[in-house]
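So for the sequence shown, our numbering puts the first residue at 140; every next one is plus one.
C-beta: ideal position from N, C-alpha, C; glycine also.
Since we're looking at a predicted model, the values are computed, not measured.
The structure appears right after this line, and notes come after that.
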Amino acid sequence: MWNSSPTSPFELPITLTSPVSGPVPLPRIVERWTVPRSNFVHKKSKENFERITIRRLVQIKDGNPEAVQAWLAFLRKHAFYGVGMKANVWEHDNLDAGKSMDKSLPEVEKTLAPHLSLFGHRQDNSAKQSIFDTLQSDRFAERKNI
Numbered sequence: 140m141w142n143s144s145p146t147s148p149f150e151l152p153i154t155l156t157s158p159v160s161g162p163v164p165l166p167r168i169v170e171r172w173t174v175p176r177s178n179f180v181h182k183k184s185k186e187n188f189e190r191i192t193i194r195r196l197v198q199i200k201d202g203n204p205e206a207v208q209a210w211l212a213f214l215r216k217h218a219f220y221g222v223g224m225k226a227n228v229w230e231h232d233n234l235d236a237g238k239s240m241d242k243s244l245p246e247v248e249k250t251l252a253p254h255l256s257l258f259g260h261r262q263d264n265s266a267k268q269s270i271f272d273t274l275q276s277d278r279f280a281e282r283k284n285i
């Protein structure tokens, strides 16, 4: 039995390429609930439940973004059952990020056009006309006279 986090074997591949600090143990979160076992005769009998969340912090500094993404994909693929993982990834970019985003905007719009065309108002008013036709039909005209 090792004296580290259960995911230590999975943390090894990234250490070969990037400076890593951790795993640093963070405070445990203990949640406890007490609920009645029954709602009538056995109401005084209670049952206790407890959930303990054990957290670890691993920091990768100055890592190659592709290597970090590959490592996170590896962790997601080989995750233990009942173990949740969360990653906060920060990337540094140059000050001209807005200009580069403006350059790539037409390509993004072209890619998203088929999906975005499904939202919003319809180009034709056929549905609107069919509603008026239905309201003016003989069946609804009879109901108006009642």
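Q. Can you find at least 3 beta carbon pairs, one from the stretch 195-211 and one from the stretch 157-166, that sit closer than 8 angstroms?
A. Counting C-beta pairs closer than 8 angstroms gives three or more between the stretch 195-211 and the stretch 157-166, which meets the contact rule.
(Q) Please give the ranges of any beta strand (DSSP E) in the stretch 151-207, keeping only runs that are unbroken, at least 3 residues long and fully inside the region. (A) Complete beta strand (DSSP E) runs here, min 3: 159-175, 185-199.
Q. Buried or exposed: which applies to Trp210, given that a residue is buried once 16 or more other Cβ atoms fall within 10 Å of its Cβ?
A. Trp210 comes out buried.
Q: Report the rounded CA-to-CA distance for Ile191 versus Thr173, giving the unit in angstroms.
A: Distance between the alpha carbons of Ile191 and Thr173: 15 angstroms.
Q | Lys225, enclosing alpha helix (DSSP H) - first and last residue | A | Looking at the DSSP string, Lys225 is not in any alpha helix (DSSP H), and its letter there is neither H nor E.
Q: Inspect the beta-carbon positions of Ser157 and Gly221 and report whether they are closer than 8 angstroms.
A: Not a contact, by the Cβ cut-off of 8 angstroms.
**Q.** Asp235: first and last residue of the uninterrupted alpha helix (DSSP H) it sits in
**A.** Careful: Asp235 lies outside any alpha helix (DSSP H) and carries neither H nor E.
Q.
Check this for me: beta carbons of Glu186 and Val169, under 8 angstroms apart or not?
A. No.
Q) Are the beta-carbon atoms belonging to Glu230 and Pro253 less than 8 angstroms from one another? A) 8 angstroms or more divides the Cβ of Glu230 from the Cβ of Pro253.
Q: Can you grab the Cα-Cα spacing for the pair Leu234 / Met240, in whole Å?
A: Roughly 12 angstroms between the two C-alpha positions.
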